[in-house]
Every structure is written in structure tokens, then in C-alpha cells.
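Those protein sequence lines, which keep their order, are chains A and B.
If you're matching positions, the first sequence starts at 5 in this note's numbering and goes up one per residue.
If you're matching positions, the second sequence starts at 5 in this note's numbering and goes up one per residue.
Taking it in order: structure first as C-alpha cells, then the write-up.
Protein chains: 2
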Amino acid sequence: MTNIQDVAKLAKVAPITVSRVINNSGYVSDKTRKRVEGAIAELGYVPNMLGPSLRFKQTMSIAAMVTDITNPFWTTVTRGIEDVASANGYLTILCNSDESEEKQALYLETLLQRQIDGILLVPASNDSASIKRILNQKIPLVVLDREVQNVAVDVVRADSQEGAYLLTKHLLALGHRHIAMLAGPKSTSTSVDRVTGYLHALEEAGIEPNDDLIYWDAYTQEAGYRNAKRVINSALCPTAIFAANNFIAIGTIQALKDQELCVPDDMSIVAVDDIPPTYSLEPFLTVAAQPAKEMGRVAAELLLDRIKNEEDKPPQSIILDITMIIRSSSGKNLKR
Amino acid sequence: MTNIQDVAKLAKVAPITVSRVINNSGYVSDKTRKRVEGAIAELGYVPNMLGPSLRFKQTMSIAAMVTDITNPFWTTVTRGIEDVASANGYLTILCNSDESEEKQALYLETLLQRQIDGILLVPASNDSASIKRILNQKIPLVVLDREVQNVAVDVVRADSQEGAYLLTKHLLALGHRHIAMLAGPKSTSTSVDRVTGYLHALEEAGIEPNDDLIYWDAYTQEAGYRNAKRVINSALCPTAIFAANNFIAIGTIQALKDQELCVPDDMSIVAVDDIPPTYSLEPFLTVAAQPAKEMGRVAAELLLDRIKNEEDKPPQSIILDITMIIRSSSGKNLKR
DNA sequence: TTGTATGCGTTATCAG
DNA sequence: CTGATAACGCATACAA
Numbered sequence: 005m006t007n008i009q010d011v012a013k014l015a016k017v018a019p020i021t022v023s024r025v026i027n028n029s030g031y032v033s034d035k036t037r038k039r040v041e042g043a044i045a046e047l048g049y050v051p052n053m054l055g056p057s058l059r060f061k062q063t064m065s066i067a068a069m070v071t072d073i074t075n076p077f078w079t080t081v082t083r084g085i086e087d088v089a090s091a092n093g094y095l096t097i098l099c100n101s102d103e104s105e106e107k108q109a110l111y112l113e114t115l116l117q118r119q120i121d122g123i124l125l126v127p128a129s130n131d132s133a134s135i136k137r138i139l140n141q142k143i144p145l146v147v148l149d150r151e152v153q154n155v156a157v158d159v160v161r162a163d164s165q166e167g168a169y170l171l172t173k174h175l176l177a178l179g180h181r182h183i184a185m186l187a188g189p190k191s192t193s194t195s196v197d198r199v200t201g202y203l204h205a206l207e208e209a210g211i212e213p214n215d216d217l218i219y220w221d222a223y224t225q226e227a228g229y230r231n232a233k234r235v236i237n238s239a240l241c242p243t244a245i246f247a248a249n250n251f252i253a254i255g256t257i258q259a260l261k262d263q264e265l266c267v268p269d270d271m272s273i274v275a276v277d278d279i280p281p282t283y284s285l286e287p288f289l290t291v292a293a294q295p296a297k298e299m300g301r302v303a304a305e306l307l308l309d310r311i312k313n314e315e316d317k318p319p320q321s322i323i324l325d326i327t328m329i330i331r332s333s334s335g336k337n338l339k340r
Numbered sequence: 005m006t007n008i009q010d011v012a013k014l015a016k017v018a019p020i021t022v023s024r025v026i027n028n029s030g031y032v033s034d035k036t037r038k039r040v041e042g043a044i045a046e047l048g049y050v051p052n053m054l055g056p057s058l059r060f061k062q063t064m065s066i067a068a069m070v071t072d073i074t075n076p077f078w079t080t081v082t083r084g085i086e087d088v089a090s091a092n093g094y095l096t097i098l099c100n101s102d103e104s105e106e107k108q109a110l111y112l113e114t115l116l117q118r119q120i121d122g123i124l125l126v127p128a129s130n131d132s133a134s135i136k137r138i139l140n141q142k143i144p145l146v147v148l149d150r151e152v153q154n155v156a157v158d159v160v161r162a163d164s165q166e167g168a169y170l171l172t173k174h175l176l177a178l179g180h181r182h183i184a185m186l187a188g189p190k191s192t193s194t195s196v197d198r199v200t201g202y203l204h205a206l207e208e209a210g211i212e213p214n215d216d217l218i219y220w221d222a223y224t225q226e227a228g229y230r231n232a233k234r235v236i237n238s239a240l241c242p243t244a245i246f247a248a249n250n251f252i253a254i255g256t257i258q259a260l261k262d263q264e265l266c267v268p269d270d271m272s273i274v275a276v277d278d279i280p281p282t283y284s285l286e287p288f289l290t291v292a293a294q295p296a297k298e299m300g301r302v303a304a305e306l307l308l309d310r311i312k313n314e315e316d317k318p319p320q321s322i323i324l325d326i327t328m329i330i331r332s333s334s335g336k337n338l339k340r
């Protein structure tokens, strides 16, 4: 591999002169510059950024650690991150934690050793140990989507509580009085927030919340399927189901179909998270859509800001607005 | 930032001894080891891999350059890549070219400067200049999904021609005689292959191909929509549409819906590329599914093999089988 | 079993 | 305008 010395030798100058030509820094006479440029072209020289990286402690790369890139929400968030990173000359390293604390910890350790300039993290759990480890090393870190306990750290997330509140109010306005809540895990802040928003709307409407209508479970299709079946057979006869995320919503729809129940004729559904327009041939779900791409962008911008500005300002929480999209899934079945 | 010297000083040993403890190499007495480990823990020392990277010319990172990660096919391919990379201790750098030759060239240049160990590339165009540039620098490169002209390079792709052949044969067996082909761009090998497979099946069935039934255009939803409308109004009265990829298929379905035509009662559809099961609430398209995850995995494995084994074996083309999935979209409408 | 010297590629600093 | 020197952090080769 040809290095700056080879170029210098061929152009009969010192290495530093080659450096000056490449970086347009300092003074170089036109004659010398041309000779150097000729040598660079002749040798096909490519500067090795590892040298400066080692010296100046910046690798111009950030990491995006999500639970799973194949979840379309994270795909879009990641795209937003990459957009901002590449526009600023940063490379984006992609990490999937698969919700595993262990895999996450392993990845974070590697990232530290590679001297990554900053990390965008969707925490695999609400255990703050990994996060503290990063912060101790003074590596800028922005948490995505979820709040974490016991650490002061930048967070960029959507307003789950408000979204859930609005969706629930929407159902209430349509006349629903028994609304089942298929929530995510109790350990995830978004899930708790969504239940809180749901409860808030009920209380405001003077409706006594019923714990038996709240199904805490995973954010998965299977959980949605499983609990929707329970809802169908529930003695409380709910007329609407609130799915805490898109996967739960899809499981719910499948369960209803299996029982030959129609949406919204037999049951109304609302959900947090939209389904990407590309893939839903018949968009009909009423949803509170989270701004995925914007979340990625905003978080990446905050991270780059932290990287560039050494002074440690206090951590901030950026809370993005969700968008209500009212479609056909949430009404019409109140004869029941 | 604390370095190996700080640890050495605290443990009262030479830096190399610390190195030996970390890497479990050479002899270190238990007593010394413990002292060193204590010092590492006390200082929260994290080894800086940039040193060895510079010295040994390997960064343990590969790049995955796709056209757009938000295309679910590439999402899944990328996941396969990341699986293999992380299992082998490599980091995956994510790049989106957005089908822009310029963006691709810019990214590749950066990757070269960062001393990336290898590159997985979905070429933005069939211009081989970028690829030659990489190969000249002796950086292992594996091309994904598409063949490129005028360069000998490793390629991992699916058998588009065979997939198109089988889909077309399926339509022919159902009795269709006028099958419109909504193809991708003429400049992309997959698109050409799919048309070739289509033509092959027609010829085999003794049907005269008609150029007016072939619509070369982009691999996008818009193109699918646009050309499906033309097909509907075509004097040739096709009874089936072959969508060359999933986006074209979705555009086609939308166009049919807009005209209040039903699939498959008024028009049959088949497509290459499946729609991720998670998001199609009612899977009904007959498709030739490409093994996306496997494609990523196989390509990453080939790349790592090239990285580890210096000797340059001749480039190879790995062609993966597609899977026919026959659903309801392809029959029933032959009264027309 | 432990340690010394050296070099990977680059650029800031200071000197000419 | 150009150049010599040094330093970033680590592990190999060699020495003790």
C-alpha cells in the first residue's frame, strides 16, 4: 500500500508538503502542488485516515444500535440517522441488539475499543449499566425512543402518552366504553406511557379503568394474537382494542380474522405506530404515527452537536409529536 | 483517556505486559496478571484498537452499501450481512447510495481512506469505474444482486431468470396468453434477466412475444402504477401482469384498484420479491421470493473469506435459488 | 517471566 | 514557501 512517504519521494518533497496539498492547508507553490498531484495520481495514492484518527482521537464514525433493523420503524429511524451522518462526513455503524442486554453490552465494548465518536442507542432493557459504562468513558450517547432509569442522558423519543391519550379519546368520542388495552412490556417506558395516556383519557371521561382490560405482554405479533383472543372471549365485552404498537395490531387483526370477526364491524382497533404505506395495500388502521425518520435525524443531530461541542451541557429530553391518522378501523360497531 | 502506559505505570510493569494480560498472549505470572487486572479495573481502561489497526492494516470492519435500507429487501439482506459480520467480530458500516453513482463514488472513497477491510456493494449503476477503483486498491469486494459489465468480480445474486421463467410458466399453465411484463430499467441485470426468463417461457409455449407488452421502467411503485394503467387500456387485452419487483407489484395493485378492477377476478398478477409477512395482512400475491437474508449471509461469508485468505482465487458468481409461492393472485380471471 | 526498541501513517509545531 | 521532529497507542521481534 502506497503511503504519503512514497508520494513525497516521487515528488521530491517532504511528506508534510504532500499533506498540505491534500488538505489545502498552508502554503504550497503552484509548481510544487502540480508535482505532488502528479505523484498522487501516478501512484493511485489514498490517504490513510487511521493516522490522524489515532493522533487526534476522532474516527468520524457513529454507531446506531437498534433492537432489530428489520422492524420497519427502526429501519426508518436508521435511515434518518444515516442521512445526517453522511451529510456531516460521518460513517454509520449498524448494530442489532435483538433486545439482548448481553449482545448490546458486547457491541458497546467493541464500539468503545474502536474509538467510535458517538453512539445512538435503543436500550435493550431499562438496565442502565451499559449506558453508565459509555458515559464514564466520556463518549457522547443519545438514547432513542425509550426513557432509562437512574441515568442523566440525552433522550429523543415520541410523545407516547399523548398519542395514547388522543387515540383513546378518539374511541371514547365514537361511543366506545369498554376498551381493551394490549400493552407492551411493563419494563419499557413507551409501554408504560401508552397505558398512562389511555388511563388518563378514561379518567377524564369519567370511566372507571378496569385492570382486567389491560394486557401487559411483549411488543410482538404473537402477543397481539394471544391477547386479542382473550379479549374476544372476555366477559367484559370490549368493543374496541387499543394495540400498543404495530406488531400487536397485526397479531390482533389476525386473531379477529381467525374468529371470523370483522374490523371495524365487530371490533374497532387503534394502534400506535403506522404501517409503512409501501406495504399496506389497504391502509385502514387508525393510528398514532411516530415520526420515525425525524426521530433518527433529530437524535443524530443532537449527537453530532455533543461530539463537536466539548462542553457538557445538561442532558435533554426531546419529545417529538405524534400524528393522529384516523382511518376506518375505529368506528361503526357500537350496536354490540 | 487512559492508555496502556497509565495501566503499566500503576501496575508497575511494562506496557507490553499489560498487552499480554489483555490478549492472553505470552507468559505472565499470576501475581503480575492480578496486579495488572486490578490496575485496568481501577482506571477503567479500554484498549484502543486504532493502534493495532494502524500497525496491522486491518480495521475489522466491512461496509454494506445498498441503494436504500428502507427497501425491505435490502433491509433483510443487510440484516444477514450484519449477522455474519458480528459473529466474526466485524463491524458493519451502513451506506445508502440512493441509486446515485455520485453518492456511491463518494462513499467508496471514504471507505478506502478509512481502511475498511472489505465492501459489499449493490452497484448504483452498471458503470464499473467505481468497482475497478476498489479492486485496484486490493480491497476485497463482493457485488450483490446485480451483474456488472467489464469487471471480473465476485457476485452473489438470485436466479432472476429462472424465477421469471417459472412465474411465467405458471401463468401460461393457468391459460393466460397475453401477459404484460412490467420490467425494471434496461440498465440493470436483474431486470434484463427477468425479461429473458419471461421470453423464454413464452417461446417454449410457442407464443410469439410482443414488444408492446413489455414496459421497461423503474423498479418503483410509481412506475408500476403508471404502466399498469397503460396495460389496462391496452388494445392487446392482457389477462395477467408480471411485475418485475415488489414495488412495481404494489403500484400495479393500486392502479387496478383505482379502476375498480379486482385481483384476480379482473386481472392476474405475479411478482418477483415477496412482501414481508409481517406487513401484508392478507398475503395473496403469487411471487418468486428471493432469499434476502441468505443473500446477505452468503455474500458476507464470501467477503470474509476473501479478506482472510490473501491468495486471489478467481472471482465467482454464486447464484441462489428463488422460491415460488403460489397464492390467489394469479388465476380465476380467464373469462375475459 | 519480563522488558526495550521500533514502526504503522499522518500532521501540529517549530525551525529554516 | 518548505522541511525536520515528534507524537498518537499498541504489539512484534528481540533481548535479558
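Heads up, the beta-carbon is just placed ideally off N, CA and C, and yes, glycines get one too.
None of these values were measured; they are calculated from a predicted model.
* Going by C-alpha distance, which of A:Gln258, A:His180 and A:Ala247 is nearest A:Cys241? -> In terms of CA proximity to A:Cys241, A:His180 leads the group A:Gln258, A:His180 and A:Ala247.
* **CA-to-CA distance, A:Leu186 to B:Thr80, given in whole angstroms** => Approximately 28 Å, taken between the alpha carbons.
* Based on the DSSP output, what are the partners of B:Tyr219 in its beta bridges? -> DSSP, once it has assigned bridges, lists B:Leu186 as partnering B:Tyr219.
* From what residue to what residue does the beta strand (DSSP E) around A:Thr96 run? -> Leu95 to Asn100
* **Cβ neighbours of B:Arg340 in the same chain (closer than 6 Å, five flanking residues each side left out)** => In this predicted model, B:Arg340 has a pLDDT of only 42, less than 50, meaning its place in the structure is not dependable; the value taken from the coordinates is given anyway. Around B:Arg340: Thr243.
* **Continuous alpha helix (DSSP H) assignments of at least 4 residues falling wholly in the segment 126 to 192 of chain A** => 133 to 140 and 164 to 177
* Asked: To which residues does DSSP link B:Thr290 through a beta bridge?
  -> Paired residues: B:Val274.
* How about the segment 40 to 60 of chain A and the segment 31 to 48 of chain B: do they share at least three Cβ pairs that are nearer than 8 Å? -> Pairwise C-beta distances place the segment 40 to 60 of chain A out of contact with the segment 31 to 48 of chain B, as fewer than three of them are shorter than 8 Å.
* Checking contacts by CB at 8 Å: is B:Gln62 closer than that to chain A? -> It does not; no Cβ of chain A falls within 8 Å.
* Asked: Per DSSP, B:Thr194 is paired with what?
  -> Paired residues: none, contrary to the question.
* **Close-in-space but distant-in-sequence residues of the same chain around B:Ala205 (CB under 7 Å, 5 per side omitted)** => Tyr169, Thr172, Lys173 and Leu176
* Asked: Within the chosen definition, does the segment 146 to 165 of chain A reach the segment 114 to 131 of chain A through at least 3 CB pairs nearer than 8 Å?
  -> yes
* To do: Write down every uninterrupted run of the alpha helix (DSSP H) in the segment 48 to 89 of chain B whose length is 4 residues or greater and which is fully enclosed by it, in chain order.
  => 54 to 60
* Find out if the Cβ-Cβ distance for the pair A:Ala209, A:Gly228 is shorter than 8 Å. => For A:Ala209 and A:Gly228, no; Cβs fall outside 8 Å.
* Asked: B:Ile245 touches chain A at which residues, Cβ-Cβ below 9 Å?
  -> Within chain A, no residue has its beta carbon less than 9 Å from that of B:Ile245; the closest one is some 15 Å off.
* Asked: Does A:Met271 have its Cβ less than 8 Å from a Cβ in chain B?
  -> no
* **Residues that B:Leu148 contacts on chain A, provided the C-beta gap is smaller than 7 Å** => None at all; the shortest Cβ gap to chain A is about 16 Å.
* To do: Would you mind working out which of A:Ala184, A:Asp270, A:Val267 and A:Ser191 sits nearest A:Val235, comparing C-alpha positions?
  => Of the candidates A:Ala184, A:Asp270, A:Val267 and A:Ser191, the one whose C-alpha sits nearest the C-alpha of A:Val235 is A:Ala184.
* Asked: What three-state label does DSSP hand A:Ala232 in the structure shown?
  -> helix
* To do: Please go through the same chain and pick out, in chain order, the residues whose beta-carbon is closer than 7 Å to the beta-carbon of B:Ser332, but skip the five residues on each side of it.
  => Pro268 and Phe288
* Is B:Met69 close to chain A, meaning its C-beta is less than 8 Å from at least one C-beta of that chain? -> no
* **Per-residue DSSP class, three states only, for A:Met328** => strand
* Asked: Hey, is B:Lys339's beta-carbon within less than 8 Å of any beta-carbon in chain A?
  -> Residue placement at B:Lys339 is poorly supported in this model, since its pLDDT is 46, which falls under 50; the coordinates still yield a value, given next. It does not: the Cβ of B:Lys339 has no partner Cβ on chain A nearer than 8 Å.
* To do: Could you give the DSSP three-state label for B:Leu306: helix, strand or coil?
  => helix
* Would A:Gly341 be called buried (16 or more neighbouring beta carbons within 10 Å of its own) or exposed? -> Outside the displayed range of chain A (5 to 340) lies residue 341 of chain A, so it cannot be described from this structure.
* **Separation of A:Arg310 from A:Ala1, as counted between CA atoms** => Coverage of chain A is limited to positions 5 through 340, which leaves residue 1 of chain A absent and any answer about it impossible.
* **is_contact[A:Asn52, chain B] using C-beta, thresh 8 Å** => yes
* Ignore the nearest five residues each way along the sequence and tell me which others in A:Thr21's own chain have a CB closer than 8 Å to its CB. => Ala12, Ala15, Val32, Thr36 and Val40
* Please confirm if A:Ser134 has its CB atom under 8 Å from at least one CB of chain B. => no
* Asked: Smallest Cα separation from B:Val70: which of B:Gly84, B:Gln62, B:Phe60 and B:Thr63?
  -> B:Gly84
* Among the residues of its own chain, which have a CB less than 8 Å from the CB of A:Ile120, if the five just before and after it don't count? -> In the same chain as A:Ile120, and ignoring 5 residues on each side of it, the C-beta atoms closer than 8 Å to its own belong to Thr63, Ser65, Ile66, Ala67, Ile97 and Ile143, in chain order.
* Please check if any C-beta of chain A sits within less than 8 Å of the C-beta of B:Gly228. => no
* Asked: If we count the other Cβ atoms within 10 Å of its Cβ and call it buried at 16 or more, is A:Ile329 buried or exposed?
  -> exposed
* Identify the contact partners of A:Gln119 in chain B, using a Cβ-Cβ distance below 8 Å as the criterion. => Here the neighbours are Asn52, Met53 and Leu54.
* CB A:Ile326 to CB A:Asp221, shorter than 8 Å? -> For A:Ile326 and A:Asp221, no; Cβs fall outside 8 Å.
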